[in-house]
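*Asks:*
Residue numbers (my numbering), protein chains in the order written: chain A, 2 to 221; chain R, 40 to 127.
#1: In terms of residues, what are the limits of the alpha helix (DSSP H) holding residue 44/R?
#2: Just tell me which of 141/A, 183/A and 120/A has its CA closest to the CA of residue 154/A.
#3: What is the rounded straight-line gap between the Cα of residue 110/A and the Cα of residue 176/A?
#4: Quick test of the definition: if touching needs 3 or more C-beta pairs under 8 Å, does the segment 153–169 of chain A touch the segment 94–110 of chain A?
#5: Determine, using beta carbons only, whether residue 191/A and residue 116/A come nearer to each other than 8 Å.
#6: Counting only Cβ pairs nearer than 8 Å, list the residues of chain R close to residue 28/A.
#7: By the DSSP assignment, the beta strand (DSSP E) with residue 94/R in it spans what residues?
#8: For residue 205/A, would you say it is in contact with chain R, using Cβ-to-Cβ distances shorter than 8 Å as the test?
#9: Alpha carbon to alpha carbon, how far is residue 70/R from residue 67/A?
#10: Who are the neighbours of residue 99/R on chain A, taking C-beta pairs under 7 Å?
#11: I need the straight-line Cα distance from residue 37/A to residue 211/A, nearest angstrom please.
#12: Could you tell me how far apart the beta carbons of residue 122/R and residue 112/A are, in whole angstroms, since I believe they sit closer than 8 Å?
#13: For the segment 204–219 of chain A and the segment 163–175 of chain A, state whether three or more C-beta atom pairs, one from each stretch, are separated by less than 8 Å.
#14: Applying a beta-carbon distance threshold of less than 8 Å, which residues of chain A neighbour residue 69/R?
#15: Given that a residue counts as buried once 16 or more other Cβ atoms are within 10 Å of its Cβ, and exposed if not, what is residue 47/A?
#16: Show which residues of chain A have a CB atom less than 9 Å away from the CB atom of residue 128/R.
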């Protein structure tokens, strides 16, 4: 369960791949060394990325390094974020050149991470409450989130190492699949964090035919 | 005379509020998605944790949050913009 908690407070993981390539900080180099066997597994058997992620989540040493590396990102996001976005654009282009569309998936991942970063920076108390609620009351969903999030990180890192269109295609397919699930968590967290969200859910009208829906939407 | 949908839509005050400032093009996109939902041609992805009974579908750069847990009824809860300015 510690790994779940750790995962949910870790700042944007999508910035980590950029950090590997652009920084001279030794923490990222050491982390990459520890991640290497996992990345090799992901490249070899991409469809098993979730199994690899589960293994990584048991590896306390690598998780601790990951946590430290992400704290470095959090310490100076203005340094890492522009590079991360450029890097993700480059990744997107790499896929596009092979006729693989991952733009939507990358959008979802960035949206999730940027939202998370904003909460950690400016709304940490409430954010921590939400995460605590998920871990305590919905442990299966918290576990699943942890696996998805770690899988996404592994895929993003593996893309840099993919040297054939087939490997890239396999990574893209998994990225698209997992991004869809990540999106459900993004929305859930966004709603959970808004304390007023449940206050305006009273039904004020019903509609059974097109004209009634159009009237509600104001397009009649 | 227009045919009735397969499901009845229930409109919440939050939904009404969330669409208030949307432009006509977005509302038209939403209308298409809502019709598909009400005709049983579409099913969204479930949310998680305390909101696992809610579902979400995309309508362009927006997401419609609804519930279909009750038979023959779709409750429309919210429309939220996707925060996608980062990659585009």
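The C-beta atom is built at its ideal place from N, Cα and C for all residues, glycine as well. All figures in this text were calculated on a predicted structure; none of them were measured in a lab.
*Replies:* The answer reads as follows:
#1: As a first step, residue 44/R must be located in the second chain, where it is residue number 5. Neither: residue 44/R is in no alpha helix (DSSP H) and is coded neither H nor E.
#2: The residue given as residue 154/A occupies position 153 in the first chain. Considering only 141/A, 183/A and 120/A, the residue with the shortest C-alpha distance to residue 154/A is 183/A.
#3: Locating residue 110/A in the first chain gives position 109, where the first residue counts as 1. Locating residue 176/A in the first chain gives position 175, where the first residue counts as 1. Separation of residue 110/A and residue 176/A (C-alpha to C-alpha, rounded to the nearest whole angstrom) is 9 Å.
#4: In this structure the segment 153–169 of chain A lies against the segment 94–110 of chain A, because at least three pairs of beta carbons, one per stretch, are closer than 8 Å.
#5: Position 190 of the first chain, counted from the start, is the residue given in the question as residue 191/A. Position 115 of the first chain, counted from the start, is the residue given in the question as residue 116/A. Taking 8 Å as the cut-off, the Cβ atoms of residue 191/A and residue 116/A count as close.
#6: Your numbering for residue 28/A matches position 27 in the first chain. Near residue 28/A there are no residues of chain R at all, since even the closest Cβ is about 25 Å away, more than 8 Å.
#7: Taking the first residue of the second chain as position 1, residue 94/R is located at position 55. Per DSSP, residue 94/R belongs to the beta strand (DSSP E) from 94–98.
#8: For the purposes of this step, residue 205/A is taken as the residue at position 204 of the first chain. Answer yes: the Cβ-Cβ gap between residue 205/A and chain R drops below 8 Å somewhere.
#9: Mapped onto the second chain, residue 70/R falls at position 31. Mapped onto the first chain, residue 67/A falls at position 66. The alpha-carbon atoms of residue 70/R and residue 67/A are separated by roughly 44 Å.
#10: Within the second chain, residue 99/R is the residue found at index 60, counting from 1. Chain A residues near residue 99/R: none, gap ~12 Å exceeds 7 Å.
#11: Position 36 of the first chain holds residue 37/A. Position 210 of the first chain holds residue 211/A. CA-to-CA, the gap between residue 37/A and residue 211/A works out to about 56 Å.
#12: Here residue 122/R corresponds to residue number 83 of the second chain, with the count starting at 1. Here residue 112/A corresponds to residue number 111 of the first chain, with the count starting at 1. Their Cβ separation, rounded to whole angstroms, is 5 Å, which keeps residue 122/R and residue 112/A in contact under 8 Å.
#13: The answer is no - the segment 163–175 of chain A does not touch the segment 204–219 of chain A, with fewer than three Cβ pairs under 8 Å.
#14: On the second chain, position 30 is the one that residue 69/R refers to. Ordered by position in chain A, the residues that pass the 8 Å Cβ test against residue 69/R are 218.
#15: As a position in the first chain, residue 47/A is number 46, starting the count at 1. By the Cβ neighbour-count rule, residue 47/A is buried, with 16 or more other Cβ atoms within 10 Å of its own.
#16: Residue 128/R cannot be examined here, being either before or after the span of chain R that is shown, 40 to 127.
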